[in-house]
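A quick write-up on the structure given underneath.
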């Protein structure tokens, strides 16, 4: 059984070594995935110099290309974000904007470079507006080619009076973390053996014909 | 090769026999799916007496149970909605509220009744606020157990001066319709042969232990 | 000091006489507004036969016109909704769709019929996705001509294990209810004395000239 | 008649001197406001070193404090953002996160520092998902103390095949720009003469008593 790889993108606003609730939640999921034979790596985005932009390399010391290389070498991509003003953090939004650059590329099979990877999302919030952050992030990743298994999100709603490092996760979080870990890993194994055959270039050509009718 | 079944939930506000742009878009997708050996059925929700509520049967002549039976017998579920005030229609929201009732059930494998079905979404809008309607709807369906393949949405942004029945779809719509049809059908066939093994009841039990530690 | 009038639109899914958490929250605000000399009326929408549609009268026994008359006679409009699947209820969405019909009318001053009314929103949720429901609802009301004072929303996030009638509101809810009551009433009085002078028909004519340049 | 001041926060991802569609739209509004005696200033946020964070000064060369000073000295605040992946840009989200820091302060009247300012939003998008960006941004500004007049947003949906600097704005954009300019300026003048009296500290104290009952 080949080793799977998961890359977690930690989109906290806080640089290392400050504590972050997103990292705590990531660690909960790693504890579940590691025993399933999954190699896990965490990238705390704010520790790197990532430029604003919508291409895969904005030049001038932009460190996004090395992060993107890790994602391309992964089977599972999990974006972890706090909510701020009810939506995903500016760092998470920056990551999505940069990932949009991949949609302009096609690999030899006619697909975007992230096609067929499996995606999940982790959200921490102190007032619970996790739904919007999770929904829009998974949708964006599905647009880039990722597969979204059932129950592929795990939200951690901290009590309003807990500190930023949050304290203990509650039952719904533990439950959702298990659903996410099991389903993303099962789908990643399945898609290792059964590659999505869709050739986007061929469908684009057919669509051009159809739209001219 | 066994026949697959797709049920389209048309969430237009307009009763039959009025024209609806969602139905036009549904027909575009059916034209693509039918030659792949998929049996397609359309339910125009507003033609039925569906009660407001959050359970699977609200009694008193509620016609939701018969619609739900069709969904349970399908491999692919495609919800089609216009946008109103930038979000999915009230009829689409009503459908999602009723579908939430299925999360309280478990089948013999320990899963929700819609687990492992493949979901897609069609959105028509005259100002183009399709993103939110598509993202939240696919997310909700993934919560109920559905799998979201890559590019599983198709939006049709009509020009502001076109009538309600919309005129012709443009190139991006034809392209997205093809991506959606190919990916949902491929995943439905794959999942016919490889059923998701996740037992939610077992994971719930493990989560209870973990949350007490 | 003339009496102000507030109409609360209760967009719960539950018909009378079932308890609803939205009604409990409405009553909290009424207790604050009544002593300020405001006459308050509650309309539980689901108790009336309101048709799906986007005009102000859909005919065939549609009871929306009588609700709309109450709104037109009000100084303050407060929409109260539970969240379902992270967004406002289907009943709230239905109300917004019907209200959109008013944008096709102009009063003698060249304004939509709800221009210059003051709007607020109450949201109850059991997982806390109140932000999206509040933001989109206030935005839609501002499009119809309403003024949104600061802190014009009040959300009540019930604990996950509380029943549907919710128990007691917590400190942040009491605080937000006060901000909302004071600010909506103060603005309503101000706008009684200072009517917004904007003539939309005149600005439309200017815009047509500008867009042809 | 005292001069009013408007500060526009241009939240494009592109640094100067690159063209940006948000700036084009800002200029359209300035052309309308300037003849009304309003002094207008544009801050292109990405040209400054603004740190990620949720306080009003993150130290270490953070240039946010000088931008915040401009906002505090303004009567009208207009945030202009492109949409990316269907929502406001990462730069706009960063601005909102930094503005949240102001909610921890109270001025001598017991209000947040931005209380009683008038807010508007400009959105440019190439697929039209402007609703969510506008709604969430105006809502966030209303939470910080701003007043949202009717029709306080102006969206510019560029044709899919136009370049990034967009070409000409269409009729709906010209119309919305006029509504926004007239209503924000009228409200700013009104609120210069009639300051919102709400004392948040006093209401907080009352809420504490009520929640203990």
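Protein chains in written order, with the working numbering: chain A, 1 to 213; chain B, 1001 to 1213; chain C, 2001 to 2213; chain D, 3001 to 3213. Think of the CB as a built atom: it goes at the ideal place given N, C-alpha and C, for glycine as much as any other residue.
- Bounds of the beta strand (DSSP E) holding residue 3082 of chain D are 3076-3084.
- Residues of chain C whose Cβ lies closer than 7 Å to the Cβ of residue 1052 of chain B are, in chain order, 2013, 2046, 2090 and 2091.
- Closer than 8 Å to the CB of residue 3136 of chain D there is at least one CB belonging to chain A.
- In the structure shown, the three-state DSSP call for residue 1010 of chain B is strand.
- A residue is called buried when at least 16 other Cβ atoms come within 10 angstroms of its Cβ; residue 3019 of chain D does not meet this threshold and is exposed.
- Taking 8 Å as the CB threshold, residue 3176 of chain D stays off the interface with chain A.
- Taking 8 Å as the threshold, the shortest C-beta distance from residue 94 of chain A to chain D falls below it.
- Close to residue 3140 of chain D, with beta-carbon spacing below 7 Å, are these residues of chain A in chain order: 85.
- Rounded to whole angstroms, the separation of the alpha carbons of residue 2007 of chain C and residue 1135 of chain B is 33 Å.
- With respect to chain B, the C-beta atom of residue 3027 of chain D has no partner C-beta closer than 8 Å.
- In the DSSP assignment, residue 2123 of chain C falls within the beta strand (DSSP E) that extends over 2118-2125.
- Taking a C-beta distance under 8 Å as the contact criterion, residue 2046 of chain C and residue 1052 of chain B qualify as a contact pair.
- Distance from the CA atom of residue 2204 of chain C to the CA atom of residue 2050 of chain C, rounded to whole angstroms, is 32 Å.
- Any Cβ of chain A closer than 8 Å to the Cβ of residue 1078 of chain B would place that residue at the interface, and such an atom is absent.
- Residue state for residue 2103 of chain C is assigned as helix, using DSSP reduced to three classes.
- In the three-state scheme derived from DSSP, where H, G and I count as helix and E and B as strand, residue 3058 of chain D is classed as coil.
- Listed by position along chain B, the residues whose Cβ is nearer than 9 Å to that of residue 67 of chain A form an empty set, because the closest Cβ is around 21 Å away.
- In terms of beta-carbon proximity, residue 3100 of chain D lines the interface with chain A, with at least one pair separated by less than 8 Å.
- When the five nearest sequence neighbours on each side are left out, the beta carbons in the same chain lying within less than 7 Å of the beta carbon of residue 113 of chain A are those of 72, 102, 105 and 107, in order along the chain.
- Excluding five sequence positions before and after residue 1111 of chain B, the CB atoms of its chain that fall closer than 8 Å to its own CB belong to 1145, 1196, 1198, 1199 and 1200, given in chain order.
- Under a criterion of Cβ atoms nearer than 7 Å, no residue of chain A is adjacent to residue 1097 of chain B; the nearest Cβ is some 14 Å distant.
- Interface criterion met: the Cβ of residue 2131 of chain C is under 8 Å from a Cβ in chain A.
- Collapsing the DSSP output to three states places residue 1148 of chain B in a strand.
- Under the Cβ criterion of 8 Å, residue 1198 of chain B is counted among the residues facing chain A.
- Between the alpha carbons of residue 1148 of chain B and residue 1132 of chain B lies a distance of about 16 Å.
- Assigned with DSSP and collapsed to three states, residue 2050 of chain C falls in coil, not helix or strand.
- Residue 57 of chain A has a beta carbon lying at 8 Å or more from every beta carbon in chain B.
- The beta carbon of residue 3095 of chain D sits closer than 7 Å to those of 3009, 3011, 3045 and 3079, all from its chain and outside the five residues before and after it, given in chain order.
- In the DSSP assignment, residue 196 of chain A falls outside any beta strand (DSSP E) and carries neither an H nor an E.
- When secondary structure is reduced to three states using DSSP, residue 3114 of chain D falls in the coil class, being assigned neither helix nor strand.
- Counting along the chain, residue 1140 of chain B sits inside no beta strand (DSSP E); it lies in the alpha helix (DSSP H) bounded by residues 1130-1143.
- As DSSP reads the structure, residue 3027 of chain D sits in no beta bridge.
- With fewer than 16 neighbouring CB atoms inside 10 Å of its own CB, residue 1034 of chain B falls in the exposed class.
- Only residues of its own chain outside the window of five on either side were considered, and among them 3010, 3011, 3012, 3080, 3081, 3082, 3122 and 3124 have a CB closer than 8 Å to the CB of residue 3022 of chain D, listed in chain order.
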